[in-house]
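So the protein sequences, as listed, match chains A and B. Numbering-wise, the numbering used here puts 234 at position 230 of the first sequence, and it's gapless, one number per residue. Numbering-wise, the numbering used here puts 823 at position 270 of the second sequence, and it's gapless, one number per residue.
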Amino acid sequence: MITERIVRADERDFLDEFEAGQLAADFDYTTPEEVLAWAIERWHPRLALCTSFQAEGMAIFDMAWRINPAVRLFTVDTGRLPEETYEMIETVRGHYGVEVEIRFPDALRVEAMVGRFGPNLFARAVEARLLCCSVRKVEPIRGALDELDAWVTGLRREQWASRANIRKIEIDHDHGGLAKLSPLADWTIEEVLDYNRAHGVPVHPLYAKGYTSIGCAPCTRATAAGEDARAGRWWWEKNAPKECGIHCPLETGALEHELEAILARQPAGGPRR
Amino acid sequence: MARAPENEPDWELVRKRNFVERLKHEKGGFEVLRDLPAMIAAGYEAVPEEDMVRLQWYGLYHDKPKLGFFMLRVKTPGGILTPVKLAAIGRLAERFGRGQGELTTRQNVQLHWLEMARLPEVLAALEAAGLSSAGACGDNVRNVTACPVSGLAEDELFDCRETVAAAADFFVSRREYSDLPRKHKITVAACPGQCNAPEIHCIALVGTRREGRNGFAVRVGGGLASWPRLASDLGVFVPVDEAVTVLQAIVDVWREDRRYRLSRARARLKFMVDDVGPAAFRARVEARLGRPFEDGELPAAPADEHDHAGLHPQKQPGLLYAGFPVHLGLMSAAQMLAVADLAESFGGEIRLTRRQNFILTGIPEARAGEVLGRAAEIGFPLDAGGLKGLSIACTGDPFCNFTVAETKGKLAEIVAHLDETFGERVQGLRINLDGCPHACAHHWIGDIGLQGTTLRERGAGGERLPGYDLFLRGGLGRDAAIGRPVLRRVPGETVHLVIAALFRAYLERRQAGERIQQFFTRCSDEELIALAGAPPELAAPMASN
C-alpha cells in the first residue's frame, strides 16, 4: 500500500529538502572537521566515506578518524585496479589500524559483460567504456549506498565549473535520497596537500609516478608536467561526451546521467562487440 | 548561523576557490562568440570544455548527453513577441531544432537539438528578427519578466512596458553586468494580481501609486532552489523614471561585494538580504545612490494567484485578449508559425506567461469567435482554469543534465488521471513539477509541488526507480508561503494516485471557501500522509459537480 511505502522510507534518518538547504547554507563557511563532526554524530554507523585513496579522500578520512576512529571507509575493487592501490589499502589498514570495506562488482554481471564484449571492451567505444564503468564501479557503489543514510565524498568546487555549485551538505537524489557530504568543497588542492603533509597522511604511491587522478589501471595514466589533467583518463576516446572524463564523476550524478542517456540509445543487445 | 565572512576576500582568493570566477576572469562569457568560428573550424571534439560553459552567456546549454547538441533559450523581455518574432523562432525550431519548442516560467522560448556548426546562423537569425539570447543563461540578469498583459489589462495601475524594456536593455548592454556572482532575476509589473510572482525574484518592482504618481515598491532577496525564500519589502517608493537607476544601484551593491563570490552555493542576493536584513540592505542601496529613498508601502497582495487565462476586454476599446493553455509548455515549430500567422491576421501580438502559456492580444471583438476557433485548430482550445494550462513542469528528460526523474511526461499522466477522475472539479488546481532541486517549475509554491528523486528500493534489474517528493502548503499572493515536502519518495508509478487522493480529501473535507493551500496548512503531516494513502478506490472516477 502506498502509505506503507512512504512511511517505511521515512523510518530512516533522511534530511528533507528544506532542512538540507538550510544546513548547506549554515555549514557553508565552516571547516571540514565541523561538517564531519556533526555528520558523524548524527549518522554513524549509517555514514561512510567513499574513497579511491586520492589526496582528498585521504584528508577527509584522517579528519574523520580523529573525530571517531570507528568511522566507516569503503572503496570499490573494480577488478582492474593498479597494484599500487592494493598497496595503499594495506598502508591505510596499518597506519590507522582500521578495516577498509571493499565492495566488489557482481560476478555474474562481470562474467556476462567480459564474455560477450571481452575484458578490454572499454578500449573499443565510449558506450562500451561506460558499460564497463557501470558494471564494475557504479553498481557496487550503489549497493553500498543502499545501506547508508549519509555518504562522504571528496568533491571540491575549484575542480570544475559543474562542481562550483556543490554544497557541503545536500540530498543525493541520484541514489535514493540519502545525504551527501562534501566537507572539502571550498578547499583548494594546496590546502588538501598541506593538511596531508602536516598530519602525516599516507599518500597513494601513484602520485609519485606522475598521476593526477587515480582510477582503474588500464584507464588512467600519468600526465606530464603542465599537461591537462584530463589527459590522464580515457585519453584515447573520440566522441566522448564533454565533461565525461575526470569532470563527470559518479559523486555528482553526472556520470550516471550521461551513462543512462547514452546506453538508453543503444540498439538492443548493447554496444558493438 | 554562519554568515558571510567579516572581511572581504580579494579577487585572488575568490578565483582560487571558485572555478567559475576563474573561468570568467580568463575569458568572459560573451567573448566566446568571437571564437565561435574557430571552434567550429576545429570541430566539436577539439572545443575546450570551458568554452562550452561560456556558451551559456548566449543562452546555450549543452543538452544531455553532452555530445554536441544545445538548448537555446531566447529571451523575450516581458514575454512580448510580435508575430514576426514568434515566426522567426518557429522557423529556427523548424530548421535546426527538430521542430520542437517549449515555453518557460521566465517567459522565454527554448529550442533543443541545435548543433554547434549552425550556431552562427541561429544567432544571426535571432538578431535579424530583433531577438536575442544574450544573457539568457550564465551569470547575468536573466530575462526581465513582467505581467504578460502590460499595457492592455483594464485593471493595471499603469503601463510599465517601457520600464521593462529599459531595464532589460540596460543590463544586457553593459558588460560589467555579465559578471554577476550568479544568475540574477528581475521582474517589473503594475498588475494588481501580481501575476509575475514578485515574491520569488531577486528584485521585484511592484507597481503602486503614491500622491498621484506612478511608481514601484521594491522587494528583494526572493528565490527558490535549495534555499527558498520570499522576497523582503524595502519599504520604499520609487517613481517610474528612477526605476532603472534603482535597479542598477541594487545590482551594484550586490555584485561588488566579493564575499558572496567565494561560494556559488551562497552567491544569490537572497543570502545577502538574509545576512544583513532588509533595513540594512536598504541603507546600503541608499549609500550607493547617494540619497535616501522615499518611504512607501507595498501594495496588498492578491488573494490568489492569477494567470490572465481566458477571454478578457482590453483597455483599448473594441479589443480583447485571450489566454490559451499550452499543455506541458510544449509548442511545436508548426504551432509557432501558425499562431504567429493568426496574430498577424488581426494585427495582434503574442505574450508569454509565467505558467508556460501564451496570450493573443489585440483581438477585434467581432473576430473573437473566429480567432478562438483557429487557435483551437492549431491545438490550443481556450480552456481557462483547466489543469492543462495551470500545471507546469520543467524541461527535464531527455534534455536536462540535472533531472533525476521524468517531468513533462509524468505531468501529462497526472493531468490526464485527475481530469478523468474529477472532471471540472479539478479546475484551478496548480501542479508544479520539477526534476531536480533547482526548481525551474517552482515546486515550492505550487498547490501541489513535485520534485524528482529516486527510491530506496530498486528495480528488478538493479536500476534506480524514480520517485517524487510532494510539497504542500506553498503558494503566492496574500498567503504566500514556501511549501514543505510532506510526502517523500512517492513512487513514480503511483504518484498520480497519491495526488488524486489528496485532492479528493480536499474536496470532501474543505470548509466553505477554503482553498487547497489553506486545507493542507490546516491538516497535520500525519493526517495528510494518511489521506494520501487512502484505499485503492481512490482511482475511481468522481462525478463532476
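All C-beta atoms in this analysis are idealised placements derived from N, C-alpha and C, irrespective of residue type, glycine included.
Less than 8 Å between the beta carbons of residue 1126 of chain B and residue 1045 of chain B, yes or no?
Beyond the ends of chain B as shown, which are 554 and 1098, falls residue 1126 of chain B; an answer cannot be given.
Touching or not, the segment 884-904 of chain B and the segment 640-656 of chain B, by the rule of three or more beta carbon pairs under 8 Å?
Output reads yes: the segment 640-656 of chain B touches the segment 884-904 of chain B.
Whose C-beta lies closer than 6 Å to the C-beta of residue 248 of chain A among residues of the same chain, with five residues either side of it excluded?
Only 262 meet the Cβ criterion.
Out of A:35, A:34 and A:75, which has the shortest C-alpha to C-alpha gap to residue 50 of chain A?
Among A:35, A:34 and A:75, the Cα nearest to that of residue 50 of chain A is on A:75.
Quick check on residue 82 of chain A - is its C-beta less than 8 Å from some C-beta in chain B?
Not an interface residue.
Between which two residues does the alpha helix (DSSP H) carrying residue 199 of chain A extend?
Looking at the DSSP string, the run of the alpha helix (DSSP H) that includes residue 199 of chain A is 193-202.
With distances taken Cα to Cα, identify the nearest neighbour of residue 997 of chain B among B:722, B:617, B:1029 and B:717.
When each option's Cα is compared against that of residue 997 of chain B, the closest is B:1029.
Assess contact between the segment 205-218 of chain A and the segment 44-59 of chain A, defined as three or more Cβ pairs (one per stretch) separated by less than 8 Å. Is contact present?
Yes: at least three Cβ pairs fall under 8 Å.
What in chain A is Cβ-close to residue 558 of chain B, meaning under 9 Å?
Within chain A, the residues near residue 558 of chain B are 33.
If we count the other Cβ atoms within 10 Å of its Cβ and call it buried at 16 or more, is residue 844 of chain B buried or exposed?
Exposed is the call here.
Just the Cα atoms here: how many angstroms apart are residue 1006 of chain B and residue 716 of chain B?
Roughly 40 Å between the two C-alpha positions.
Residue 605 of chain B lies in the beta strand (DSSP E); which residues open and close that run?
It is not in any beta strand (DSSP E) - residue 605 of chain B instead sits in the alpha helix (DSSP H) that spans 602-607.
Along chain A, which residues have their Cβ under 8 Å away from the Cβ of residue 619 of chain B?
Here the neighbours are 245, 246, 247, 248 and 262.
Fully enclosed by the segment 1003-1059 of chain B, which alpha helix (DSSP H) runs are 4 residues long or longer?
Complete alpha helix (DSSP H) runs here, min 4: none at all.
Should residue 780 of chain B be flagged as near chain A, meaning a C-beta pair shorter than 8 Å?
Closer than 8 Å: yes.
Hey, could you find the ends of the beta strand (DSSP E) residue 825 of chain B is sitting in?
From DSSP, residue 825 of chain B is part of no beta strand (DSSP E) but of the alpha helix (DSSP H) over 822-829.
Between residue 18 of chain A and residue 1037 of chain B, how many whole angstroms is the CB-CB distance? I'm expecting something under 8 Å.
Between residue 1037 of chain B and residue 18 of chain A the Cβ distance is about 14 Å, and since that is not below 8 Å, they are no contact.
From the DSSP output, in three-state form, read off residue 882 of chain B for me.
Of the three classes helix, strand and coil, the one that applies to residue 882 of chain B here is helix, per DSSP.
Using a Cβ-Cβ cut-off of less than 8 Å, give me the residues of the segment 21-45 of chain A that come near chain B, in sequence order.
Answer in chain order: 21, 22, 24, 25, 26, 28, 29, 30, 31, 32, 33 and 34.
Pick helix, strand or coil for residue 25 of chain A, following the three-state DSSP scheme.
Residue state, collapsed to three classes: helix.
Is the beta carbon of residue 221 of chain A sitting closer than 8 Å to the one on residue 85 of chain A?
Taking 8 Å as the Cβ cut-off, residue 221 of chain A and residue 85 of chain A qualify as a contacting pair.
Any beta-carbon of chain B closer than 8 Å to the one on residue 164 of chain A?
Yes, because at least one Cβ of chain B sits closer than 8 Å to the Cβ of residue 164 of chain A.
Assign residue 673 of chain B to one of three DSSP states: helix, strand, or coil.
Helix, per DSSP.
Could you name each continuous alpha helix (DSSP H) segment of 4 residues or more that falls completely within the segment 48-106 of chain A, going from the start of the chain to the end?
If we require 4 residues or more, the alpha helix (DSSP H) runs fully inside the segment 48-106 of chain A come out as 59-71 and 87-100.
Under 8 Å between the Cβ atoms of residue 706 of chain B and residue 740 of chain B?
No, the Cβ-Cβ distance between residue 706 of chain B and residue 740 of chain B is not below 8 Å.
Give a yes or no on whether the C-beta atoms belonging to residue 695 of chain B and residue 703 of chain B are separated by under 8 Å.
No, these two residues do not count as a Cβ contact at 8 Å.
Would you call the segment 584-604 of chain B and the segment 834-852 of chain B in contact, with 3 or more CB pairs under 8 Å?
Result no; under three Cβ-Cβ pairs closer than 8 Å.
Pull up the distance between the alpha-carbon of residue 87 of chain A and that of residue 585 of chain B, whole angstroms please.
Going from the Cα of residue 87 of chain A to the Cα of residue 585 of chain B covers about 43 Å.
Starting from the beta carbon of residue 198 of chain A, find every residue of chain B whose beta carbon is closer than 7 Å, and list them in chain order.
The contacting residues do not exist; residue 198 of chain A stays about 14 Å from chain B at best.
Between the segment 41-72 of chain A and chain B, which residues of the former have a C-beta closer than 7 Å to a C-beta of the latter?
Flagged: no residues at all.
Buried or exposed for residue 657 of chain B, please, with buried defined as at least 16 other CB atoms from any protein chain shown within 10 angstroms of its CB.
Looking at its Cβ environment, which holds 16 or more other Cβ atoms inside 10 Å, residue 657 of chain B is buried.
Under the rule that 16 or more other beta-carbon atoms within 10 Å means buried, what is residue 617 of chain B, buried or exposed?
Buried, since its Cβ has 16 or more Cβ neighbours within 10 Å.
Run down chain A in chain order and give the residues with a C-beta less than 7 Å from the C-beta of residue 528 of chain B.
What the structure shows of chain B is the stretch from 554 to 1098, and residue 528 of chain B is not part of that stretch, so it cannot be assessed.
Between residue 992 of chain B and the rest of its own chain, which residues show a CB-CB distance below 6 Å, the 5 nearest in sequence each way excluded?
Hits under 6 Å: 777 and 778.
How big is the Cα-Cα spacing for residue 146 of chain A and residue 179 of chain A?
If you take the alpha carbons of residue 146 of chain A and residue 179 of chain A, they lie about 7 Å apart.
Below 8 Å between beta carbons: does that hold for residue 815 of chain B and residue 570 of chain B?
Yes, Cβ-Cβ distance for residue 815 of chain B and residue 570 of chain B is below 8 Å.
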